[in-house]
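Numbering (the working numbering), first residue to last: 1052 to 1349.
Here it is in structure tokens:
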């Protein structure tokens, strides 16, 4: 729901989210060595759904499922499930920091898609930043050079699904609560994954695996919930740059747990993508400020 801004609270929510998301991806990567992606996705959304019900149903009751835009809720949730499955598949072959960096092209895609889908004006400076960001992705992927696994290109597909998901989420921000939106994510993901998981099911082989499966729902569910809460309490132009903090967590976990460290080309591409994203946010904030000043003058 729309409300007044509280930047401190918004930043706290984003910090919590950025601590949880790398843990989600690391758990999925570890489990992907022994279990099918469908089972991992199922556990992520089954746990997410269970935690949303326990946390919010006692207080909200059936109102938790009330939405003004059911079709959009289902569509955006299906897009996120697809993004999750494709991303988890890519993690089987791609190190955590590289996958995180490539996923940062999603905000660039949102800028381009907002022009195509929503008719929002995008000036030449922001278009230049979008192009530069995709060049950064090419620096990382280096097509034809055989430097990174071909599965890394799956992260681009995941980023595209995530971009469409975020555009739809934007349209729901003032209509449905964060609790309702996140519960629909979990419900749709759980239902879709449940249709396929019986064909690939393997019982967890160790206590560690069981704990990681349980953790998927916690990390994913509350990670996305905190992101939505952050956007409720603070403007996107202020909050969005904190998305890049997950690269630090991914780099630390990748190095400590998986002995992974990206090469120089990946870090160069990361700098280009992050710089492009930050410039787009800066331009959007500047244009919004000008628009407010113009309205006040008029």
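Every residue, glycine too, gets a C-beta built ideally from N, C-alpha and C.
In terms of residue numbering, what span does the alpha helix (DSSP H) encompassing residue i cover?
i, result
"residue 1131", "1121-1142"
"residue 1252", "From DSSP, residue 1252 is part of no alpha helix (DSSP H); its letter is neither H nor E."
"residue 1111", "1088-1111"
"residue 1207", "1205-1223"
"residue 1301", "1297-1309"
On a Cα-Cα basis, can you pick out the residue from the options that is closest to residue i?
i, options, result
"residue 1158", "1328, 1099, 1333", "1328"
"residue 1227", "1105, 1118, 1154, 1114", "1118"
"residue 1099", "1283, 1316, 1244", "1244"
"residue 1292", "1122, 1333, 1141, 1235", "1333"
"residue 1316", "1305, 1191, 1242, 1237", "1191"
"residue 1064", "1124, 1109, 1285, 1220", "1285"
"residue 1093", "1305, 1295, 1248", "1248"
"residue 1168", "1217, 1179, 1201, 1208", "1217"
"residue 1212", "1068, 1128, 1085", "1128"
"residue 1121", "1220, 1068, 1105", "1220"
"residue 1214", "1068, 1257, 1135", "1135"
"residue 1103", "1229, 1126, 1339, 1338", "1229"
"residue 1331", "1184, 1194, 1251, 1079", "1184"
"residue 1140", "1125, 1206, 1110", "1206"
"residue 1266", "1101, 1084, 1089", "1101"
"residue 1067", "1180, 1272, 1256, 1165", "1272"
Quick one: grab the DSSP three-state call for residue i.
i, result
"residue 1116", "helix"
"residue 1285", "coil"
"residue 1314", "coil"
"residue 1145", "coil"
"residue 1076", "helix"
"residue 1336", "helix"
"residue 1065", "helix"
"residue 1194", "coil"
"residue 1058", "helix"
"residue 1084", "coil"
"residue 1326", "helix"
"residue 1052", "With a pLDDT of 43 at residue 1052, under the threshold of 50, the modelled position of that residue is not reliable, and the figure given next carries that caveat. In this structure, residue 1052 counts as coil in the three-state DSSP scheme."
"residue 1172", "coil"
"residue 1241", "helix"
"residue 1165", "helix"
"residue 1273", "helix"
"residue 1157", "helix"
"residue 1341", "helix"
"residue 1226", "coil"
Might you give, ordered along the chain, the residues of its own chain that have their beta carbon closer than 6 Å to the beta carbon of residue i, omitting 5 neighbours on each side?
i, result
"residue 1270", "1071, 1074, 1075"
"residue 1061", "1281, 1284, 1285, 1290"
"residue 1039", "Nothing about residue 1039 can be read from this structure; the chain reaches only from 1052 to 1349."
"residue 1082", "1091, 1263"
"residue 1339", "none"
"residue 1418", "Nothing in the structure corresponds to residue 1418, since the chain is present only between 1052 and 1349."
"residue 1124", "1118, 1235"
Using a Cβ-Cβ cutoff of less than 7 Å, which residues in the same chain neighbour residue i once the five nearest sequence positions on both sides are dropped?
i, result
"residue 1077", "1147, 1304, 1308"
"residue 1302", "1148"
"residue 1320", "1152, 1187, 1188, 1190, 1191"
"residue 1133", "1212"
Could you name the residues of the same chain whose beta carbon sits closer than 8 Å to that of residue i, not counting the 5 residues immediately before and after it, in chain order?
i, result
"residue 1200", "1144, 1145"
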